[in-house]
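Peer 1: Residue numbers (the numbering used here), protein chains in the order written: chain F, 1 to 314; chain A, 1 to 310.
I'd like to ask you about the structure that follows.
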Amino acid sequence: MKSSRLVARDSLRHGIPEKYKLFLMLLPFLVLVLIFSYLPLLGWRYAFYIFKPGFSLEQSQFVGWYWFESIVSNSYQVAEIKRVIVNTLAISGLGLLVNCIAPIFAILLNEIRCRKFRTSVQVLTTLPNFISWVLVYAVAFALLNVNNGMVNQALLALGWIDKPLNILASSKNVWLTMTLWSMWKGLGWSAILYLAAIAGIDQELYEAAKVDGASRFQQTLHITLPGIAPTFLVLLVMAIANLLNNGMDQYYVFQNAINKSSIEVLDLYVYNISILGGSFSFGTTVSMLKSIISLGLLLVANGAAKIIRGSSIF
Amino acid sequence: MHTKRTIPANRLKRNRTSIGAFAFHLINYTFFFLFTLLCIYPFYYIFINTISDNQLTARGLVTLYPIGIHFENYVQVMKIPGLSTAALVSVGRTVLGTMLTVFASAFVSYLVTKQKMWMRSFWYRFIVITMYFNAGIIPWYILMMNLGLTNNFFAYVLPGIVSPFCVVLVKTYIESIPSAMEESAQIDSAGYWVRFTRIILPLCLPILATVTVFSAVWQWNMFQDTLFLMTDRKLYTLQFVLYRYINQSTALATIIKNTQGAVTIDLSAVQTPTSVRMTVTMIVVAPILFVYPFFQRYFVGGIMIGAVKG
Numbered sequence: 001m002k003s004s005r006l007v008a009r010d011s012l013r014h015g016i017p018e019k020y021k022l023f024l025m026l027l028p029f030l031v032l033v034l035i036f037s038y039l040p041l042l043g044w045r046y047a048f049y050i051f052k053p054g055f056s057l058e059q060s061q062f063v064g065w066y067w068f069e070s071i072v073s074n075s076y077q078v079a080e081i082k083r084v085i086v087n088t089l090a091i092s093g094l095g096l097l098v099n100c101i102a103p104i105f106a107i108l109l110n111e112i113r114c115r116k117f118r119t120s121v122q123v124l125t126t127l128p129n130f131i132s133w134v135l136v137y138a139v140a141f142a143l144l145n146v147n148n149g150m151v152n153q154a155l156l157a158l159g160w161i162d163k164p165l166n167i168l169a170s171s172k173n174v175w176l177t178m179t180l181w182s183m184w185k186g187l188g189w190s191a192i193l194y195l196a197a198i199a200g201i202d203q204e205l206y207e208a209a210k211v212d213g214a215s216r217f218q219q220t221l222h223i224t225l226p227g228i229a230p231t232f233l234v235l236l237v238m239a240i241a242n243l244l245n246n247g248m249d250q251y252y253v254f255q256n257a258i259n260k261s262s263i264e265v266l267d268l269y270v271y272n273i274s275i276l277g278g279s280f281s282f283g284t285t286v287s288m289l290k291s292i293i294s295l296g297l298l299l300v301a302n303g304a305a306k307i308i309r310g311s312s313i314f
Numbered sequence: 001m002h003t004k005r006t007i008p009a010n011r012l013k014r015n016r017t018s019i020g021a022f023a024f025h026l027i028n029y030t031f032f033f034l035f036t037l038l039c040i041y042p043f044y045y046i047f048i049n050t051i052s053d054n055q056l057t058a059r060g061l062v063t064l065y066p067i068g069i070h071f072e073n074y075v076q077v078m079k080i081p082g083l084s085t086a087a088l089v090s091v092g093r094t095v096l097g098t099m100l101t102v103f104a105s106a107f108v109s110y111l112v113t114k115q116k117m118w119m120r121s122f123w124y125r126f127i128v129i130t131m132y133f134n135a136g137i138i139p140w141y142i143l144m145m146n147l148g149l150t151n152n153f154f155a156y157v158l159p160g161i162v163s164p165f166c167v168v169l170v171k172t173y174i175e176s177i178p179s180a181m182e183e184s185a186q187i188d189s190a191g192y193w194v195r196f197t198r199i200i201l202p203l204c205l206p207i208l209a210t211v212t213v214f215s216a217v218w219q220w221n222m223f224q225d226t227l228f229l230m231t232d233r234k235l236y237t238l239q240f241v242l243y244r245y246i247n248q249s250t251a252l253a254t255i256i257k258n259t260q261g262a263v264t265i266d267l268s269a270v271q272t273p274t275s276v277r278m279t280v281t282m283i284v285v286a287p288i289l290f291v292y293p294f295f296q297r298y299f300v301g302g303i304m305i306g307a308v309k310g
């Protein structure tokens, strides 16, 4: 601790008390956070106007709750929103299933005895997590495209199909293929957290179980699974909080005229109706509702975790 | 990750004798071998296609090993107008954005560990809470427009400077440094800035390596901001250009025609849509492939701390 004499001398020399000096040093960064994270919230006002880019809010017409009502005003719009929400929830729901595969992946990987093999698998399977969705799409295109894609060539050569399949431009199984791509990209990475949790389990527990004659499977069931349960719970809470936030990159790059109706998740829908369709106010309304519901989901999931685990995750 | 596990000899022996266990391990090894292959083969496939005879790759005939190896594709592709600009933009935003994020994460984290600061914990929460809410993409887009950040290079770097996730990472790390380290400098009545640069910064290098790697990969991979904010071709990033090349085959054919001013006699090196797509893909993915093996442990270190702090 600094003595009070020193503090006094400091403030005398610089003219500003130390506590404000520290704050002033932080201030530029706080301003950045204010601008890029808080100011967009003011944009929610656009949900109550007919806003067109290039015009100020004063020049725009105030319409009250018009856009909110318009979501449910006619049967066409209701069907659209329903379709988009079903897509969003279906893809997120399948994503939750993937969440359950990651711990199994980690447990099985942990059973591999050869250290070099285990480490190589871990390093190489996390690689796809670090490439962008555009690159994933480039990879998908190289492997699956209808003209010279590797998969089509192989299937043709094997005589399993007569003419090439257009997997990328197909309206069938879109939710499933999207989930599979997410899995290809993210499974190895999600497993890392569980591997860490497994490594953190007290080895003595296993020794004790072995003395009691527990088989390898029983050890997994009664020691490993409870050991990774907290990690699972935290990730589940995050996944539930993000049920409506699938992000947009993946669906944007894989989107085409044929699969559009089943690939359009909320984030992509907002982009399509606003930036492409020009309905900025309606887009704002939808994304505003989405943000509020997501925040609610986060609080509910966190509360549930608190009850189950006795401690919240934040 | 790197804990050494000692396997008792008796367990090994028992498993070796049991057929069930043997079958389990066989299946287990096979599964992981195949899944790993699935994760890396696509990159290998694209790579061998970029260095093979372009007439064969256009028909999808190169699958296991390169045929008719040549490196002309990489030379030709860089001549496509716009691609080198895009590479410059991508590299620029990655280098500048990463430097700013790393500096800001370190400095902000250092400041918010100072108990003396006015309303310290409030400001810390003010930053960190932004991880959990989001106004939505359209209000963000309109704000960026109003700030004049459309068709502006700074739109790539400014919004990412203060990353709450990185601040949490570094702050946790700084708190683990014994305060005696810093106090030793305080005696010489050095200012905060000097203490930060001379003492805290060097001690934080391991966690800053993690932040650097995360931030660089994030910057390199970013696609959405170009899509929303940039209409000026000069500001397109490699990711964006690649996406356009894959989806707009007619545009691509025109580009190819225009680049082939001096007609090459060797047909195997004549650019086809396939060769251009694959080569550009390889150029975009190469930096990740190169840095990844060396920095993998930093990624892992980062997610561990991040996950614990939630």
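Note that CB positions come from ideal geometry on N, CA and C, so glycine has one too.
Note that the structure is predicted; figures quoted are calculated from it, not measured.
1. Buried or exposed for serine 267/F, please, with buried defined as at least 16 other CB atoms from any protein chain shown within 10 angstroms of its CB.
2. Starting from tyrosine 49/F, follow its DSSP beta bridges and name the residues at the other end.
3. For the alpha helix (DSSP H) that tryptophan 140/A lies in, which residues bound it at each end?
4. With a Cβ-Cβ cutoff of 7 Å, do isoleucine 131/F and valine 77/A count as a contact?
5. At a Cβ threshold of 7 Å, is tyrosine 173/A touching chain F?
6. On the three-state DSSP scale, how would you describe isoleucine 35/F?
7. Can you find a CB in chain F that lies within less than 7 Å of the CB of proline 287/A?
8. Where are the beta strand (DSSP E) runs, 3 residues long or more, that stay fully inside the region 76-121 of chain F, in chain order?
9. So, phenylalanine 68/F versus threonine 285/F, is the Cβ gap smaller than 7 Å?
10. Could you tell me the distance, in whole angstroms, from the CA atom of asparagine 272/F to the CA atom of serine 261/F?
11. Taking only three categories from DSSP, how would you classify isoleucine 69/A?
12. Leaving out five residues before and five after serine 268/A in sequence, what residues of the same chain have Cβ atoms less than 7 Å from its Cβ?
13. Specify whether the region 29-41 of chain F and the region 127-146 of chain A touch according to this definition: at least 3 beta carbon pairs, one from each stretch, less than 8 Å apart.
14. Can the beta-carbon of tyrosine 173/A be found closer than 7 Å to that of isoleucine 207/A?
15. What in chain A is Cβ-close to alanine 301/F, meaning under 7 Å?
16. Between the region 242-259 of chain F and chain A, which residues of the former have a C-beta closer than 7 Å to a C-beta of the latter?
17. Starting from threonine 50/A, trace the alpha helix (DSSP H) in both directions and tell me its first and last residue.
18. Flag tryptophan 118/A as yes if its beta-carbon sits less than 7 Å from any beta-carbon of chain F, otherwise no.
19. Whose Cβ in chain F lies nearer than 7 Å to the Cβ of threonine 226/A?
20. Can you tell me whether tryptophan 160/F sits near the ligand ZN, meaning its C-beta is under 6 Å from at least one heavy atom of the ligand?
21. May I ask which residues mark the beginning and end of the alpha helix (DSSP H) holding glutamate 207/F?
22. Check the Cβ of proline 206/A against every Cβ in chain F and list those closer than 9 Å, keeping chain order.
23. I'd like the list of long-range same chain contacts for methionine 248/F, defined as Cβ closer than 7 Å, with 5 residues on each side in sequence excluded.
24. Flag lysine 309/A as yes if its beta-carbon sits less than 7 Å from any beta-carbon of chain F, otherwise no.
25. Leaving out the 5 sequence neighbours to the left and right, which residues in its chain are closer than 6 Å to glycine 149/F when beta-carbon positions are compared?
26. Report the rounded CA-to-CA distance for threonine 94/A versus serine 105/A, giving the unit in angstroms.
27. Between serine 3/F and chain A, is the shortest Cβ-Cβ distance under 7 Å, so that the two count as touching?
28. Along chain A, in chain order, which residues have C-beta atoms closer than 8 Å to that of tyrosine 137/F?
29. Do threonine 254/A and alanine 58/A count as a contact pair if the criterion is CB distance below 7 Å?
30. When DSSP labels each residue in this structure, what does methionine 137/F get in the three-state scheme?
31. Between the region 47-59 of chain F and the region 194-210 of chain F, are three or more C-beta pairs nearer than 8 Å?
32. Would you identify the three-state DSSP class for phenylalanine 133/A, choosing helix, strand or coil?
33. Given that valine 162/A touches chain D, what residues does it touch there, using C-beta distances under 9 Å?
34. Between the region 160-170 of chain F and the region 210-224 of chain F, are three or more C-beta pairs nearer than 8 Å?
35. At which residues does the alpha helix (DSSP H) containing threonine 179/F begin and terminate?
36. Using the Cα positions of leucine 97/F and valine 241/A, report the straight-line distance between them to the nearest angstrom.
Peer 2: Taking the definition as stated:
1. As a first step, residue 267/F is located in the first sequence; it is residue number 267 there, counting from the start. For the record, residue 267/F in the displayed sequence is aspartate; it is not serine. Under this definition aspartate 267/F is a buried residue.
2. Position 49 of the first sequence holds residue 49/F. For tyrosine 49/F, which the question treats as bridged, DSSP gives the partners Phe62/F.
3. Within the second sequence, residue 140/A is the residue found at index 140, counting from 1. From DSSP, the alpha helix (DSSP H) with tryptophan 140/A extends over 137-146.
4. Reading the first sequence from its first residue, position 131 is the one you call residue 131/F. Reading the second sequence from its first residue, position 77 is the one you call residue 77/A. A distance of 7 Å or more separates the beta carbons of isoleucine 131/F and valine 77/A.
5. On the second sequence, position 173 is the one that residue 173/A refers to. Taking Cβ atoms only, chain F never reaches closer than 7 Å to tyrosine 173/A, which makes this a no.
6. On the first sequence, residue 35/F is found 35 positions in, with the first residue counted as 1. Isoleucine 35/F carries a helical assignment under DSSP once its states are collapsed to helix, strand and coil.
7. What you label residue 287/A is simply residue 287 of the second sequence in a count that begins at 1. Proline 287/A does not count as touching chain F.
8. With a minimum length of 3 residues, no continuous beta strand (DSSP E) run stays inside the region 76-121 of chain F.
9. One-based indexing of the first sequence puts residue 68/F at position 68. One-based indexing of the first sequence puts residue 285/F at position 285. Yes, they are a contact pair.
10. Position 272 of the first sequence holds residue 272/F. Position 261 of the first sequence holds residue 261/F. Each residue's alpha carbon lies about 12 Å from the other.
11. Translated into positions along the second sequence, residue 69/A becomes position 69. Isoleucine 69/A carries a coil assignment under DSSP once its states are collapsed to helix, strand and coil.
12. As a position in the second sequence, residue 268/A is number 268, starting the count at 1. Only Asp53, Asn54, Gln55, Gly68 and His70 meet the Cβ criterion.
13. Output reads yes: the region 127-146 of chain A touches the region 29-41 of chain F.
14. The residue given as residue 173/A occupies position 173 in the second sequence. The residue given as residue 207/A occupies position 207 in the second sequence. Yes, they are a contact pair.
15. On the first sequence, position 301 is the one that residue 301/F refers to. Correct list: empty, because the minimum Cβ distance to chain A is about 12 Å.
16. Only Met248, Asp249 and Val253 from the region 242-259 of chain F bring a Cβ to less than 7 Å from some Cβ of chain A.
17. Indexing the second sequence from 1 puts residue 50/A at position 50. Its alpha helix (DSSP H) spans residues 19-50.
18. The residue given as residue 118/A occupies position 118 in the second sequence. It does: the Cβ of tryptophan 118/A has a partner Cβ on chain F nearer than 7 Å.
19. As a position in the second sequence, residue 226/A is number 226, starting the count at 1. Here the premise fails: no neighbours, minimum Cβ distance about 10 Å.
20. The ligand ZN is absent from the structure shown, which contains no ligands of any kind.
21. The residue given as residue 207/F occupies position 207 in the first sequence. Unbroken alpha helix (DSSP H) run through glutamate 207/F: 203-211.
22. Your numbering for residue 206/A matches position 206 in the second sequence. Correct list: empty, because the minimum Cβ distance to chain F is about 17 Å.
23. Counted from its first residue, the first sequence places residue 248/F at position 248. Excluding sequence neighbours, methionine 248/F sits near Asp267, Leu268 and Tyr271.
24. One-based indexing of the second sequence puts residue 309/A at position 309. Any reading at lysine 309/A is ruled out, since the residue's pLDDT is 46, under 50, leaving its predicted position unreliable.
25. Here residue 149/F corresponds to residue number 149 of the first sequence, with the count starting at 1. Within its own chain, the residues whose Cβ lies closer than 6 Å to the Cβ of glycine 149/F, once the five positions on either side in sequence are excluded, are Leu143, listed in chain order.
26. Looking up residue 94/A in the second sequence gives position 94. Looking up residue 105/A in the second sequence gives position 105. Taking the straight line from one Cα to the other gives about 16 Å.
27. Here residue 3/F is taken as the residue at index 3 of the first sequence, counted from 1. Note that serine 3/F scores 49 on pLDDT, short of 50, meaning its location in the model is unreliable and no value can be drawn from it.
28. For the purposes of this step, residue 137/F is identified with residue 137 of the first sequence, where counting begins at 1. Identification of chain A residues near tyrosine 137/F by a Cβ-Cβ cut-off of 8 Å yields Tyr243 and Ile246, ordered along the chain.
29. Here residue 58/A refers to the residue found at position 58 of the second sequence. Here residue 254/A refers to the residue found at position 254 of the second sequence. No, Cβ-Cβ distance for alanine 58/A and threonine 254/A is not below 7 Å.
30. Looking up residue 137/F in the first sequence gives position 137. The question names methionine, but residue 137/F in the sequence shown is tyrosine. The answer is helix: DSSP assigns tyrosine 137/F an H, G or I state.
31. With a cut-off of 8 Å, the region 194-210 of chain F and the region 47-59 of chain F do not count as touching, because too few Cβ pairs lie within range.
32. In the second sequence, counting from the first residue as 1, residue 133/A sits at position 133. Under the three-state reduction of DSSP, phenylalanine 133/A is assigned to coil, being neither helix nor strand.
33. Here the protein chains are F and A, and chain D is not one of them.
34. With a cut-off of 8 Å, the region 210-224 of chain F and the region 160-170 of chain F do not count as touching, because too few Cβ pairs lie within range.
35. The count along the first sequence starts at 1 and reaches residue 179/F at position 179. Threonine 179/F -> alpha helix (DSSP H) spans 174-199.
36. Along the first sequence, one-based indexing puts residue 97/F at 97. Along the second sequence, one-based indexing puts residue 241/A at 241. Each residue's alpha carbon lies about 34 Å from the other.
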